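Visitor: Numbering (this note's numbering), first residue to last: 929 to 1199.
Glycine included, each C-beta is placed from N, C-alpha and C at the ideal position.
Because the structure is a prediction, the values reported are computed rather than measured.
1) Work out the CA separation of residue 1029 and residue 1058 for me, nearest whole Å.
2) In the DSSP assignment, what are the bridge partners of residue 1012?
3) Helix or strand or just coil, what does DSSP make of residue 1005?
4) Please work out which residues of its chain come closer than 6 Å, Cβ to Cβ, to residue 1181, disregarding the five sequence neighbours upstream and downstream, and give them in chain order.
5) Within 8 Å, do at least three Cβ pairs link the region 1131-1149 to the region 1021-1028?
6) I need the boundaries of the alpha helix (DSSP H) containing residue 1108, first residue and last residue.
7) Specify the secondary structure class of residue 1164 as computed by DSSP and reduced to three states.
8) Which residue from 1093, 1095, 1013 puts its Cα closest to that of residue 1049?
9) Below 8 Å on the Cβ atoms is my contact criterion, and I expect residue 971 with residue 1032 to pass it. Report the Cβ-Cβ distance as a whole number of Å.
10) So what's residue 1034 in DSSP terms, helix, strand or just coil?
11) Considering only the alpha carbon of each residue, which of 960, 955, 1188, 956 lies closest to residue 1084?
12) Should residue 1127 be labelled buried (16 or more other beta-carbon atoms within 10 Å of its own) or exposed?
13) So is residue 1160 buried or exposed if we call it buried at 16+ other beta carbons inside 10 Å?
14) DSSP three-state call for residue 990: helix, strand or coil?
15) Can you name the start and end residues of the alpha helix (DSSP H) that residue 1155 belongs to?
16) Note down, in chain order, each residue of its chain lying with its Cβ closer than 8 Å to the Cβ of residue 1041, except the 5 sequence neighbours on either side.
17) Just tell me which of 967, 1020, 980 has its CA closest to the CA of residue 955.
18) Between residue 1136 and the rest of its own chain, which residues show a CB-CB distance below 7 Å, the 5 nearest in sequence each way excluded?
19) Measure the C-alpha to C-alpha separation of residue 1172 and residue 1178 and round it to an integer number of angstroms.
20) Smallest Cα separation from residue 1034: which of 1190, 1154, 1079, 1100?
21) Among 1149, 958, 1093, which has the Cα closest to the Cα of residue 1015?
22) If you draw a straight line from the C-alpha of residue 1091 to the C-alpha of residue 1184, how long is it?
23) For residue 966, name the three-state secondary structure that DSSP assigns.
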């Protein structure tokens, strides 16, 4: 196993590292393996191959570009901590956020077999990524069918989420748009073991970023958040947001989690 350390230096772990640490939650790729296994059963050899992917750890500040539109993809980052987002910018500089990423997710499967990136990926908060050479991910996807299928399904789920975002911005009113986004973030954090909807979470987005994700203005976002709070649908304490009436918030947001394709562990089916 290769780990990156400060300054970009690369170190090799003992040969039996993967075998003895497959379930080690401190491993940089533990979250990635867990998320891929949610889409496809992986063998022990598949998991070990993923844990052996060469990588360089990087600590990144908010706003740091991980992928730039127009660049040739050379690496695929795996988000270890913090949050990231996808965005595109119009010719006159207006930004549209088109997707969010939570810890454990790969940041650039969409460019895995493309020659040029058509959008940007940036850090939303301070965090850490493990940067894997694009060729290494291509190789494991082509040589290990289960891993390849898991990567394909992951990309298809990202497309499903994108379709829902288009519907959210194009056809829902501002109150429903924000409620829907808050519900999605809660469910995606819960799927990664980072939050529960009834307990809430630390919202990592500013009102300006929420506006860019929902096609609203920051002033309108502030007004709608106050409206949701006055209705008893959310409670805000600085950045922490919780949901006193989760089911009613889902109704307001017209939220059906089917598009997230999250498996119900109790039934092994999709919600």
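Guide: In this structure, then:
1) Across the structure, residue 1058 and residue 1029 are spaced so that their CA atoms are roughly 14 Å apart.
2) Residue 1012 pairs with 1029, 1051.
3) Of the three classes helix, strand and coil, the one that applies to residue 1005 here is strand, per DSSP.
4) Within the same chain, residue 1181 has close Cβ partners 1104, 1107, 1108, 1111.
5) Judged by Cβ distances under 8 Å, the region 1021-1028 makes contact with the region 1131-1149, as three or more pairs qualify.
6) For residue 1108, the uninterrupted alpha helix (DSSP H) segment begins and ends at 1102-1119.
7) Per DSSP, reduced to three states, the secondary structure at residue 1164 is strand.
8) Measuring from the Cα of residue 1049, the nearest candidate turns out to be 1013.
9) That pair is no contact at about 20 Å.
10) In the three-state DSSP reduction, residue 1034 falls in the strand class (E or B).
11) In terms of CA proximity to residue 1084, 1188 leads the group 960, 955, 1188, 956.
12) By the neighbour-count rule (16 or more Cβ atoms within 10 Å), residue 1127 is not buried but exposed.
13) So residue 1160 ends up on the exposed side.
14) Taken through DSSP and simplified to helix, strand or coil, residue 990 comes out as coil.
15) That run of the alpha helix (DSSP H) goes 1146-1158.
16) 1066, listed in sequence order.
17) With respect to the C-alpha of residue 955, the residue from 967, 1020, 980 having the closest C-alpha is 980.
18) Same-chain partners within the cutoff: 1146.
19) Taking the straight line joining both Cα atoms gives about 12 Å.
20) Shortest Cα-Cα distance from residue 1034 to any of 1190, 1154, 1079, 1100 involves 1079.
21) Put simply, of 1149, 958, 1093 the residue whose alpha carbon is nearest the alpha carbon of residue 1015 is 1093.
22) Straight-line Cα distance between these residues: approximately 13 Å.
23) Here residue 966 sits in coil by DSSP.
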